[in-house]
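These protein sequence lines map, in sequence, to chains E and H.
Note that this note's numbering numbers the first sequence so that position 242 is 233, with each residue one more than the last.
Note that this note's numbering numbers the second sequence so that position 212 is 541, with each residue one more than the last.
No residue lacks a Cβ here, since even glycine has one placed at the ideal position from N, Cα and C.
Take a look at the structure set out below.
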Amino acid sequence: MTAATAREARPARDRSRLFRLAVRIMWVEVRHSAFVWAIPLLAVLFIYDPLRTASGYPALWTLRASVVLNKFWPVCVPFATAFAAWAGSRESRRDVADLLGSTARPAWTRQLCSLAGTLAWVLATFAASVVVLYVRIAQAVTWGGPPIWPVVAGVVALTAICALAFTLGALFPGRFTAPIVAVGISMLVLAAFSRAVSQGGVSVAALSPDGIVPANDQGVFYPVAPDVSVVQVMFFAGCALGAIGLLGLSPRTGGAGWRGPLDLASAGGARLRSAAAAVFAVGIALAVAGFGLAATARASSVTGGIEVPALHDPASDRPIRYTPVCADASGGLQVCVHPAFRGYLSQTVNSLGPVIAELSGLPGAPVRAVEIPGTALPSIVQQVNGDGAVTGSPPLFEFTMDAITLVPDAAQFRDGFRQDIVHAVIVGPVGRMTAGGAFQPATGTPAQQAVEDGLLKAIGSQPYPVCGPYALQCAQQPQVAAAAARFAALPAATRHAWLAANLAALKAGRITLAQTP
Amino acid sequence: MSAEPVPVPLAWLHLRSRRVPATLTALLACGVALWASLRYHWWLGTGNAADELPMILQGCAAGVIAVTMHSPFGEPERATGRWLPLLRAGLALALCGAAIGFFALGAAAAYGPRAGVYLAGGVLPVARNVMGLTGIGLIFCLVTGALTAWIGPLAVTAISQYALIANYSEPLTWPARPPADRGGWIAAMVVFAVGLIAFTIRGPRIRPSGELPAA
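Encoded structure:
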């Protein structure tokens, strides 16, 4: 072997040795990580709520998978941060900082291995829970595929908070550091969640991984754009790099120090300082860029999702093709739903059948019922949290599956549809927007209310909610309730005949309460 | 033969060795955080959600109290005399009282019913939760050692947060129960009594390094 080849071979051998050494230290850290004590607790917590909650949601990927970030991620935060801070404060807690200061490798290398040991357990626990959840969802789901971007965002966000907590633990070591850091970061997460809920997940609130529960049909009619997840990944990757860079720079943690580049005598030297400063600078730049992009996040009026204009791909606004699943209800009504909601078709048919049997043949009674995206409903219907509206000629009942509440309630599902249809046929639209932009509900005349509630009572449903948040008149008048009871007690044929003869006059407001049968 | 030390200096030394001044500062910070959360409307809304942040702070206070129980002297301290169990119990009770007092002060300072600023449920559930969660922390002191006993209050707080939001009602979720719920009070007081008695008798589990064992 010549001298030249020997020189070339040595760095390769050194690199291999360094890699083996790093893996060995990592393995020691993984074996000694205290986080393993938190795994059974997290498993209990995972079964206690996220798994249970997901099982209660409609069997749709976007909805059920939302518990990863909305339910499980927040509960990982206090444990991940507490144990990361605990690991970060280890050297000072054990009074070995001076002893380790004399080792050949910089403190940063040692600390990164320790952080990696905790992080490995945190991410393995998170990933295992996601796998269990996704397998459970896949067994029940009717449409779509597993969303990956939210999981990536969750992993990066956990990495960031672990890095931040580890750095705080190293900077401020003490017996109270772990619980205080855990609670402090949990409070930040809660504050961000609060903002995300109040702002609907737009603007900087989009940075909170934990946010509002998506609409039932999110990801069903249109693909879910990854914009928000990309911004979250950018922001949290920046935070993670910033925290790691700070760890390498701060003299309090045995880092290279903040002094000028000429100060080669400080721990780690100029190379280490340059590397740490570069990591820190890149991290801050990424975090600022992520924050800036998040500030532009807005709700899409087409897809209902959150989009970031600079990252948004218009191709993701194209609707997903599907063939509706249809069935006939009594009264000749055809009911069509998206195949994702195939399981709810019979329930929908059973809900609409009795009301159509009462109204069939009357002017304005729908001849077909079709499921549409929630964002396609008239905004006035969305204002009153309605489930659908009767539109067009021949009349068509367009509805959404938001009637499937997160806590399943068959009566609520059934009554929502029936109230919407009866109100549309007997009274008309749910209300109107005034010139001042205020919503003015149309609850109908007393006679209209009596007939409306009588019809609903006859088919076993609750009266139309005149006491809703937008109603001017709250309590149902006793005489209206009495007239409704009288109307409901009539034979179905008599009710139908009276409506056929008087509906136009009733709808025009020319029939008084005393004139109702 | 040396004379037995008088209780007051001994108690003072006990408090110093447990870093009680730092503990009181941390508990005061929890009270200030409660005041700020009420005053500046950090909470999520009304109803159950209004209890979320106070409960996290109560869990933090219980974790801090549990960590305070760590002895820097380890095994030799157990041979120092008959006062140690009483000092342990006294310290736990005193710190619980201090935490409840700081929370009450924080809530009182922020109180403004006209602006809708008040602690949902009043101070009674604060007392119940601080004592119950401290009981969990004291039990964990026996299992994991005091330095990592914050795991217990943290875990129960996390479970209770779920219960609070989803309206679950199980024996383990007493911090999420309404203020006047008798079952919640019984569960919390039983946990506190068991934790306090066991801790008074046995003291925290001692490891040479104060660390958890290797996995």
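Inset, instruction - Sort H:Phe528, H:Arg368, H:Arg417 by Cα distance to Arg443 of chain H and report the nearest one. - result: H:Arg368
Legend entry - Distance between Gly239 of chain E and Ala256 of chain E (C-alpha atoms, nearest Å): Here the model assigns Ala256 of chain E a pLDDT of 42, short of 50, so the residue's position is not dependable, and the following value carries that caveat. Rounded to the nearest angstrom, the two C-alpha atoms are 15 Å apart.
Inset, instruction - Taking 8 Å as the cut-off, decide whether the C-beta atoms of His303 of chain E and Ala216 of chain E are in contact. - result: yes
Inset, instruction - Quick one: list the residues of chain E neighbouring His399 of chain H, beta-carbon separation under 9 Å, in chain order. - result: Arg166
Legend entry - Assigned exposure category for Ala505 of chain E - 16 Cβ within 10 Å defines buried: exposed
Inset, instruction - Tell me, please, whether the CB atom of Asp89 of chain E is closer than 8 Å to any CB atom in chain H? - result: no
Legend entry - Cα-Cα separation between Arg15 of chain E and Ile235 of chain E, rounded to whole angstroms: 21 Å
Legend entry - 8 Å Cβ shell around Trp53 of chain E - same chain, five flanking residues per side excluded: The sequence given here has Thr at residue 53 of chain E, not Trp. Within the same chain, Thr53 of chain E has close Cβ partners Gly135, Pro138, Pro205, Gln209, Gly210, Val211, Val215.
Legend entry - Below-8 Å beta-carbon distance, Gly392 of chain H vs any chain E residue: yes
Inset, instruction - Find the residues of chain E that neighbour Val519 of chain H, judging by a C-beta separation of less than 8 Å, and give them in chain order. - result: Those do not exist, as Val519 of chain H stays about 20 Å from chain E at its closest Cβ, beyond 8 Å.
Inset, instruction - Would you tell me roughly how many angstroms separate the C-alpha atoms of Leu51 of chain E and Leu159 of chain E, rounded to the nearest one? - result: 40 Å
Inset, instruction - Report yes if the CB atom of Ser105 of chain E is closer than 8 Å to the CB atom of Arg85 of chain E, and no otherwise. - result: no
Legend entry - Beta bridge counterpart(s) of Arg359 of chain E as assigned by DSSP: E:Gln325, E:Leu387
Inset, instruction - List the residues of chain E whose Cβ lies closer than 9 Å to the Cβ of Ala355 of chain H, in chain order. - result: Phe167, Pro170, Ile171
Inset, instruction - Measure the alpha-carbon distance for Ala182 of chain E versus Phe402 of chain H and round it to whole angstroms. - result: 40 Å
Legend entry - C-alpha gap between Leu103 of chain E and Ala268 of chain E, whole angstroms: 15 Å
Legend entry - CB of Ala390 of chain H within 8 Å of CB of Leu413 of chain H, strictly: no
Inset, instruction - With DSSP collapsed to three states, give me the class of Gln130 of chain E. - result: helix
Inset, instruction - Count the other CB atoms, across all protein chains shown, that sit within 10 Å of the CB of Glu90 of chain E; report buried if there are 16 or more and exposed otherwise. - result: Correcting the residue type first, residue 90 of chain E is Leu in the shown sequence and not Glu. By the neighbour-count rule (16 or more Cβ atoms within 10 Å), Leu90 of chain E is not buried but exposed.
Legend entry - Buried versus exposed, by CB contacts within 10 Å (16 or more), Met398 of chain H: buried
Inset, instruction - Flag Thr44 of chain E as yes if its beta-carbon sits less than 8 Å from any beta-carbon of chain H, otherwise no. - result: yes
Legend entry - Closest Cα partner of Leu471 of chain H within the set H:Ala351, H:Gly445, H:Ile526, H:Ala449: H:Ile526
Inset, instruction - Would you give the residue range spanned by the beta strand (DSSP E) that Thr150 of chain E belongs to? - result: Note, Thr150 of chain E: premise wrong, no beta strand (DSSP E); alpha helix (DSSP H) at 140 to 162.
Legend entry - Residue nearest to Ile38 of chain E in terms of C-alpha spacing, selected from E:Glu20, E:Val19, E:Lys62: E:Lys62
Legend entry - 8 Å Cβ cutoff, Leu198 of chain E in contact with chain H: no
Legend entry - Thr366 of chain E versus E:Gly352, E:Phe390, E:Ser351, residue with shortest Cα-Cα distance: E:Phe390
Legend entry - Counted within 10 angstroms of its Cβ, other Cβ atoms place Met555 of chain E as buried (16 or more) or exposed: A query on residue 555 of chain E cannot be resolved here, the shown segment of chain E reaching from -8 to 508 and no further.
Legend entry - Whole-angstrom distance between Ile535 of chain H and Trp479 of chain H, CA atom to CA atom: 15 Å
Inset, instruction - Select from E:Ala286, E:Tyr125, E:Pro357, E:Leu446 the residue whose C-alpha is nearest the C-alpha of Pro386 of chain E. - result: E:Pro357
Legend entry - Coil, strand or helix - Gly334 of chain E by DSSP: helix
Legend entry - 8 Å CB neighbourhood of Gln338 of chain E in its chain, flanking five on each side removed: Ala401, Phe404, Arg405
Legend entry - At least 3 beta-carbon pairs within less than 8 Å: the stretch 482 to 502 of chain H vs the stretch 448 to 457 of chain H: no
Inset, instruction - Using a Cβ cut-off of 8 Å (strictly closer), state whether Thr477 of chain H contacts chain E. - result: yes
Legend entry - Neighbour flag for Val396 of chain H against chain E, beta carbons, 8 Å: yes
Inset, instruction - State the DSSP-derived secondary structure class of Asp319 of chain E, mapped to helix, strand or coil. - result: strand
Legend entry - Per-residue burial, Thr244 of chain E [other beta carbons within 10 Å of its own, 16 or more giving buried]: buried
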